[in-house]
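Read in order, the letters of the sequence shown correspond to residues 15 to 307 in this note's numbering. Report on one structure; see the data block that follows.
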Amino acid sequence: MVVSGFRRSLSFSNQSIKSRKTLHVRSTSLPCRSSSHPIISQLKDEINELKSWNSSEATSACVCEGLNRLKIVHESLDDFLQLPQTKESLSCHSDLIEKNLEDFLRFVDVYGIFQTLFLTLKHEYLAIQMAVRRKDEAKMAMHLKNLNKIAKEIGKLESSVQSIGKNYLFSDNFDAEFAEIIRDVIEVTVSVSVSLFGGLSAALGSRKPPRMGLSWKKVKIHQGIQEFQQINFEKLMGLRNKGEEEIKMVSKKMQELVEDCMVEIECCGERSFRSLINTRVSLLNVLTQLKIK
Numbered sequence: 015m016v017v018s019g020f021r022r023s024l025s026f027s028n029q030s031i032k033s034r035k036t037l038h039v040r041s042t043s044l045p046c047r048s049s050s051h052p053i054i055s056q057l058k059d060e061i062n063e064l065k066s067w068n069s070s071e072a073t074s075a076c077v078c079e080g081l082n083r084l085k086i087v088h089e090s091l092d093d094f095l096q097l098p099q100t101k102e103s104l105s106c107h108s109d110l111i112e113k114n115l116e117d118f119l120r121f122v123d124v125y126g127i128f129q130t131l132f133l134t135l136k137h138e139y140l141a142i143q144m145a146v147r148r149k150d151e152a153k154m155a156m157h158l159k160n161l162n163k164i165a166k167e168i169g170k171l172e173s174s175v176q177s178i179g180k181n182y183l184f185s186d187n188f189d190a191e192f193a194e195i196i197r198d199v200i201e202v203t204v205s206v207s208v209s210l211f212g213g214l215s216a217a218l219g220s221r222k223p224p225r226m227g228l229s230w231k232k233v234k235i236h237q238g239i240q241e242f243q244q245i246n247f248e249k250l251m252g253l254r255n256k257g258e259e260e261i262k263m264v265s266k267k268m269q270e271l272v273e274d275c276m277v278e279i280e281c282c283g284e285r286s287f288r289s290l291i292n293t294r295v296s297l298l299n300v301l302t303q304l305k306i307k
């Protein structure tokens, strides 16, 4: 039985990424050389664009751009897997498909865990915002401690994703172009994922839970996502002595972080999660068809 995946969404991020080309259509034609097929050329271009994507800015906009580009690569890979020449290349290599299935299952698992963690993270920020408004230092300290726990869990995801795709061995008679595409897709998926998980973990890890009455030791983080680091919880110690204007300003900044940056990251992460599921479904369908034959 052929497994169905998620339907593709027509919603797009506001980030500036190149529009998908109009020649992105599925074709059943079999050209003389696989490299001449427009879907393959397009997929290679999209992979190269993602490889040149610069994540050094460490902003939520940059991370979301990477996630959106990654979704596009996975959609093109899905189309690539439908090509007759691709299925022909895989016809004698069911073991490789199973290896790909295992790797994409790990990606899906990691992103599924991330979605849950990020939802919890958003709730913690809302709880901290409420504690700031009420000038409740005990509650704020408790929720900041929770942020540290979430940071550690997201850090584990970064370590997990870095081990995916290792030790790929292709036989001499395997199509070199296909081997290169698989390696590259795994590589860029790992790269974007590390930028997301590492950027969040680094930013959240700078939040040290305070001892009541003591100031925090400031920890400088260079790779954390900037918007998360711009909220300086250290300055909020002694909330009861803060003026109303300062409290309102911090509360507003936290609300903007949740409503703008966090919502956008959550949406982009969800789209990437669905594209990973669809890719795995396509691989599973290819394997099923080969076994039927």
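Even glycine gets a Cβ: it sits at the ideal position worked out from N, Cα and C. Every value quoted in this text rests on a predicted model; they were computed, and no experiment measured them.
Using only CA atoms, which one of the options lies nearest to residue i?
i	options	result
Val-77	Lys-113, Met-276, Ala-155 and Gln-303	Met-276
Leu-158	Leu-171, Lys-166 and Tyr-139	Tyr-139
Trp-162	Phe-247, Arg-147, Val-124 and Gln-96	Rather than Trp, the amino acid found at residue 162 in this sequence is Asn. Among Phe-247, Arg-147, Val-124 and Gln-96, the Cα nearest to that of Asn-162 belongs to Phe-247.
Ala-193	Phe-94, Ile-306, Glu-89 and Leu-301	Phe-94
Phe-7	Arg-197, Arg-294, Glu-278 and Val-124	Look at the range of the chain in this structure, 15 to 307, and you will see that residue 7 is not part of it.
Ile-164	Ser-173, Leu-218, Phe-242 and Thr-293	Leu-218
Arg-197	Pro-98, Glu-258, Ile-111 and Leu-97	Ile-111
Asn-299	Asp-92, Ile-53, Gly-80 and Cys-106	Asp-92
Val-199	Thr-302, Glu-102, Arg-294 and Lys-101	Arg-294
Lys-180	Val-122, Glu-116, Lys-85 and Ile-245	Glu-116
Lys-85	Ser-177, Asn-292 and Leu-301	Asn-292
Does the separation of the CB atoms of residue i and residue j fall below 7 Å?
i	j	result
Cys-4	Asn-82	Nothing can be reported for residue 4: it is not among the residues displayed for the chain, which extend from 15 to 307.
Val-175	Ser-207	yes
Leu-304	Ser-108	yes
Lys-149	Val-272	no
Gln-143	Met-268	yes
Gln-240	Ala-72	yes
Glu-167	Leu-131	yes
Leu-57	Ser-90	yes
Val-202	Leu-290	no
What are the boundary residues of the alpha helix (DSSP H) that residue i is part of?
i	result
Ile-168	151 to 176
Met-263	258 to 270
Thr-73	Element bounds for Thr-73: n/a, residue is neither H nor E.
Phe-242	240 to 243
Phe-211	190 to 219
| field | Runs of alpha helix (DSSP H) lying entirely within the region 78 to 148, each at least 4 residues, in chain order | value | 98 to 104 and 108 to 147
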